[in-house]
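Just so we're aligned, residue 1 is where the sequence shown starts under full-length UniProt numbering, counting upward by one.
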Amino acid sequence: MSRKVVGKNAFISKHAGAEMLNSHLKAGLFSSGADTGKGKSKMSKHITHGFHCMKGKSNHDMEDYVVSEFKKKDDSELGLFAIFDGHLGHDVAKYLQVHLFDNILKEHDFWTEMEDAIRRAYHSTDAEILDKARLLGRGGSTAVTAILINGQKLVVANVGDSRAVICKNGVAEQLSVDHEPSKEKRMIESRGGFVSNLPGDVPRVDGQLAVARAFGDKSLKLHLSSEPDVTAVPIGDDVEFIILASDGIWKVNVKPRSSGHYQKHKGCSISSKALDRGSSF
């Protein structure tokens, strides 16, 4: 089955078709940058990944970066996938692309307490970014990361509004949490900030930032958090695909149900809509 993929910051992991649910898993990673790539697992010939980067229609510069690779660690194979959606410049997102996974994998208890290790690495990486604010600038970035362990377990973490979605048996479920200012108003106010809600605009932290959690943003950091939400799920034969994407592709393509699931014709067809517009992998 030949497929094409495109999107503004998205990662897709999908089976090659319903008739192959027990034997093939495909993955693709997309961003709004101008690049395309693909690869595959060395441990399993049935697991592949790819990405296509494409700038959206907005006039601002492309500020988004991706990671899409398999790496050996000890006796295991890790699939490392991420979207970093920058704002007020690209330097923080680029720094995350280079350093975040390295910091996660360096944690001493990565294998035994993986979720806690990821949380600590998010915090330490944010501290590095704040220390380098003169070099990296005043901007920031959202992040959604996914670690696939031996093709059997997926650990997703995120700050901001970039999402991770998994589709099982035709039903898509969001694995990440949208960190919107309106949802975290109490936390922001407890830190001395405020949430604006002007007509015709989205809620913003201190009238500026449309997410309540992010890396960087030193001028707002007292009122922001870099604490990630972390979720671990098994990857079985019922998994059709996984998508990581920035907020732009979700706003255009899908609307979540209050239950946290996506309607089948919207959530699971996002891949085919994107595939029809992009390049093959």
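Virtual Cβ for every residue (Gly too), placed ideally from N, Cα, C.
From a predicted model like this one, the values you see are computed outputs, not experimental measurements.
Keeping to the same chain, check which residues put their C-beta closer than 6 Å to that of residue i; ignore five residues upstream and five downstream.
i, result
"Asp247", "Asp161"
"Gln152", "Ile235"
"Val177", "Asp229"
"Val165", "Ala172, Gln174, Ile243"
Using the beta-carbon count (16 or more within 10 Å), is residue i buried or exposed?
i, result
"Arg204", "buried"
"Gly216", "buried"
"Asn158", "buried"
"His87", "buried"
"Gly139", "buried"
"His179", "buried"
"Thr142", "buried"
"Val98", "exposed"
"Thr145", "buried"
"Arg134", "exposed"
"Leu25", "Its pLDDT being 41, under 50, Leu25 is placed unreliably by the model, and nothing is read from it."
Suppose you measure from the CA of residue i to the CA of residue j; what does that come to, to the nearest Å?
i, j, result
"Ile104", "Phe110", "7 Å"
"Leu136", "Val92", "6 Å"
"Asp102", "Asn169", "34 Å"
"Leu154", "Phe241", "12 Å"
"Val66", "Gly192", "33 Å"
"Ser190", "Gly200", "26 Å"
"Gln174", "Arg163", "7 Å"
"Val202", "Lys185", "13 Å"
"Ser124", "Ala245", "24 Å"
"Asn150", "Lys40", "12 Å"
"Ala82", "Val239", "19 Å"
"Ala210", "Val171", "29 Å"
"Lys42", "Ile249", "30 Å"
"Gln208", "Met187", "16 Å"
"Cys167", "Tyr122", "26 Å"
Please classify residue i: does DSSP put it in a helix, a strand, or coil?
i, result
"Lys185", "helix"
"Lys73", "strand"
"Asp247", "helix"
"Glu227", "coil"
"Phe101", "helix"
"Ile118", "helix"
"Ser92", "One point to set straight first is that residue 92 is Val, not Ser, in the sequence displayed. It is helical."
"Glu128", "helix"
By Cβ distance below 7 Å, which residues in the same chain neighbour residue i in space, the five residues on each side in sequence not counted?
i, result
"Leu80", "Val67, Glu69, Lys71, Phe101, Ile147"
"Tyr95", "Ile129, Leu136"
"Met114", "Val155"
"Arg213", "Val159, Gly160, His179, Leu224, Ser225, Ser226, Glu227"
Please work out which residues of its chain come closer than 8 Å, Cβ to Cβ, to residue i, disregarding the five sequence neighbours upstream and downstream, and give them in chain order.
i, result
"Asp126", "Phe215, Gly216, Ser226"
Any beta-carbon of chain D closer than 9 Å to the one on residue i?
i, result
"Glu227", "The displayed structure is made up of one protein chain only, and chain D is not part of it."
Inset, instruction - Report yes or no: do the segment 231 to 240 and the segment 214 to 221 share at least 3 C-beta pairs separated by less than 8 Å? - result: Three or more beta-carbon pairs separated by less than 8 Å are not found between the segment 231 to 240 and the segment 214 to 221, which leaves the two stretches without contact.
Legend entry - the segment 69 to 76 contacting the segment 117 to 128, beta-carbon criterion three pairs below 8 Å: Output reads no: the segment 117 to 128 does not touch the segment 69 to 76.
Legend entry - Validate contact between the segment 128 to 135 and the segment 188 to 198 using beta carbons, cut 8 Å, 3 pairs: Too few Cβ pairs lie closer than 8 Å, so no.
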